[in-house]
Amino acid sequence: GAVVSQHPSWVICKSGTSVKIECRSLDFQATTMFWYRQFPKQSLMLMATSNEGSKATYEQGVEKDKFLINHASLTLSTLTVTSAHPEDSSFYICSARDEGYTGNTEAFFGQGTRLTVV
Amino acid sequence: KQEVTQIPAALSVPEGENLVLNCSFTDSAIYNLQWFRQDPGKGLTSLLLIQSSQREQTSGRLNASLDKSSGRSTLYIAASQPGDSATYLCAVDNDYKLSFGAGTTVTVRA
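Going line by line, the protein sequences match chains A and B. Residue numbering for the first sequence follows our numbering, starting at 1 and increasing by one per position. Residue numbering for the second sequence follows our numbering, starting at 119 and increasing by one per position.
Given below as structure tokens:
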């Protein structure tokens with residue numbers, strides 16, 4: 001299947017600082033990427049839909065000023081957690097679909113990023 | 119809003135036993151349903167994708183069925199192995215967005 005690479009796989013940062021997470025589609029182009037958050041032993045919650053060349057669409061309850069999303073190219077989306085606080089500690093995962101084939105709607109996921117804010 | 123439920127939440131079986139994982143969803147107007155595997159602290163690995171027009175998909179020891187009208191999907195894993203130990207998530211695609219269940223954590227005992 002298609003490959004989605006996410007970096008870093010884990011990061012520890014101090015409270016009040018910002019952290020950037022990258023999501024790349026390695027062997028396909030993706031006009032749309034998705035960012036999820038996962039709490040321990042819970043399911044994935046969609047945070048926002050990242051659209052290449054335009055503003056991201058955020059789900060209800062997600063602060064767009066805290067979770068900045070940039071989708072500058074067809075293979076790269078970034079999520080920046082601004083002014084991070086301990087409650088932002090979580091597992092963040094990105095996803096993309098290979099849109100090169102009509103009807104191919106399989107979603108592929110990155111390895112995830114474990115963010116710990118101390 | 120789509121609600122996805124997975125039962126059971128956890129399952130422990132001896133090696134060689136067949137596994138049956140259940141997924142139910144409330145809105146049957148779906149594009150497709152996808153089953154994933156997640157190892158601790160890792161991302162998701164896609165196992166099977168069933169389009170809304172399909173009834174089942176098979177890959178090796180895995181078989182997934184879909185009954186869209188009743189809002190159910192079942193993942194069967196034949197002849198389980200210790201390496202099958204993981205959390206299995208089902209996700210339903212509505213309007214290009216995935217809604218996930220909380221997962222079934224499987225432990226296969228050697």
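In this text, a Cβ means the ideal position worked out from N, Cα and C, and glycines have one as well.
Rounded Cβ spacing between residue i and residue j (contact assumed at less than 8 Å)
i        : j        : result
Gln124/B : Ala196/B : Going by Cβ atoms, the distance from Gln124/B to Ala196/B rounds to 19 Å, so no, they are not a contact pair.
Phe154/B : Gln120/B : That belief does not hold up - the Cβ atoms of Phe154/B and Gln120/B are roughly 16 Å apart, past 8 Å.
Tyr206/B : Val224/B : 6 Å
Thr164/B : Phe108/A : Here residue 164/B turns out to be Ser, not Thr, going by the sequence shown. So it is a contact: roughly 6 Å between Cβ atoms.
Burial state of residue i (16 or more Cβ within 10 Å)
i        : result
Leu167/B : buried
Ser188/B : exposed
Cys141/B : buried
Asp88/A  : buried
Ser95/A  : buried
Ser73/A  : exposed
Tyr92/A  : buried
Arg173/B : exposed
Ser177/B : exposed
is_contact[residue i, chain A] using C-beta, thresh 9 Å
i        : result
Ala220/B : yes
Leu160/B : As written in the sequence, residue 160/B is Lys, which differs from the Leu given in the question. Closer than 9 Å: yes.
Asp145/B : no
Val122/B : yes
Gln152/B : yes
Ala228/B : no
Leu139/B : no
Thr163/B : yes
Limits of the unbroken beta strand (DSSP E) element including residue i
i        : result
Thr205/B : 204-212
Asn136/B : Careful: Asn136/B lies outside any beta strand (DSSP E) and carries neither H nor E.
Tyr92/A  : 90-97
Thr49/A  : 44-51
Phe108/A : 107-109
Thr225/B : 222-227
Ala182/B : 180-185
Min CB distance residue i to chain B below 9 Å
i        : result
Thr49/A  : yes
Thr102/A : Note on Thr102/A: pLDDT 49, under 50, position unreliable in the model; the coordinate value appears next. Not one chain B Cβ lies under 9 Å of Thr102/A.
Phe91/A  : yes
Gln29/A  : no
Ala56/A  : no
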